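A.B. asks: Attaching a single structure in structure tokens format; questions to follow.
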Amino acid sequence: MVHKSFLKVKEGHFVAVKRISGAGLELCVVELKNQASSVKIWRREKETKNQIAFSFLRDGDDYSPKVKEKELQLERIADVSGHEPYWFEKVDLKINEHYGLRSVVNGHYLSQLEDGTKETTVFCLSEDSQACAELTDELTEEA
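According to the numbering used here, the sequence shown is numbered sequentially starting from 277.
Okay, structure coming up:
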């Protein structure tokens, strides 16, 4: 069996890497699992905090969300283990199995941005913990 993981948002939608006109590759919310990008999840414990990093597969390459100053970027990288800008601290939102993510670099939260000029909801960073995206990961099996 080949194992694939997907990242889900609270509304039952999934996370994908998509090319957005004029913006390049973005981390986005999609409605269906077959539109989602499979994800590798790295986990570590540092200073008693659970931390994770992600790598999304798109067109045969791995893209990871990276925090650069106050911006969220996607970069092609095979191994994020020694690179702090790719790591997020898991935040217990006390909502079932859902968790939030806070950057280990600047403390900003991974949030969803609904922009009327774009066709889709994209992820960004926010200083406001109330804007934190509610996430969970789902492991599926394929033959």
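Quick reminder that beta carbons are idealized off the backbone N, C-alpha and C, glycines included. Since the model is a prediction, treat every value here as computed from it, not as a measurement.
Within 10 angstroms of its Cβ, does E323 collect 16 or more other Cβ (buried), or is it exposed?
C.D. replies: Indexing the sequence shown from 1 puts residue 323 at position 47. With fewer than 16 Cβ atoms within 10 Å of its Cβ, E323 is classed as exposed.
A.B. asks: Name the two residues that bound the continuous beta strand (DSSP E) containing C400.
C.D. replies: As a working mapping, residue 400 is identified with position 124 in the sequence shown. Taken as a continuous stretch (DSSP letters only), the beta strand (DSSP E) holding C400 covers T397 to S402.
A.B. asks: For L350 and L301, which I take to be in contact (beta-carbon distance under 8 Å), what is that distance rounded to the nearest angstrom?
C.D. replies: The residue labelled residue 350 in the question sits at position 74 within the sequence shown. The residue labelled residue 301 in the question sits at position 25 within the sequence shown. Indeed they touch by this definition, with Cβ atoms about 5 Å apart.
A.B. asks: I'd like to know whether the C-beta atoms of K284 and T412 end up nearer to each other than 8 Å.
C.D. replies: Mapped onto the sequence shown, residue 284 falls at position 8. Mapped onto the sequence shown, residue 412 falls at position 136. Contact flag set, yes.
A.B. asks: Quick check on S313: does DSSP put it in helix, strand or coil?
C.D. replies: Taking the first residue of the sequence shown as position 1, residue 313 is located at position 37. Coil.
A.B. asks: Which word fits Q329, buried or exposed, when buried means at least 16 other C-beta atoms lie within 10 angstroms of its C-beta?
C.D. replies: Within the sequence shown, numbered from 1, the residue matching residue 329 stands at position 53. Sequence inspection shows Ala at residue 329; the Gln mentioned does not correspond to that position. Flag for A329 reads buried.
A.B. asks: Please report the Cβ distance between T416 and F282, rounded to the nearest whole angstrom; I am assuming they are in contact, meaning their Cβ atoms lie under 8 Å.
C.D. replies: Here residue 416 is taken as the residue at index 140 of the sequence shown, counted from 1. Here residue 282 is taken as the residue at index 6 of the sequence shown, counted from 1. With 8 Å as the limit, T416 and F282 qualify as a contact, their Cβ atoms being about 7 Å apart.
A.B. asks: Quick check: the Cα distance between E414 and G376, rounded to an integer number of angstroms?
C.D. replies: In the sequence shown, the residue the question calls residue 414 occupies position 138. In the sequence shown, the residue the question calls residue 376 occupies position 100. Approximately 15 Å between the Cα atoms of the pair.
A.B. asks: Starting from the C-beta of I353, find all residues in its chain whose C-beta is less than 6 Å away, skip the five residues before and the five after it, and write them out in chain order.
C.D. replies: The residue given as residue 353 occupies position 77 in the sequence shown. Cβ within range, chain order: S340.
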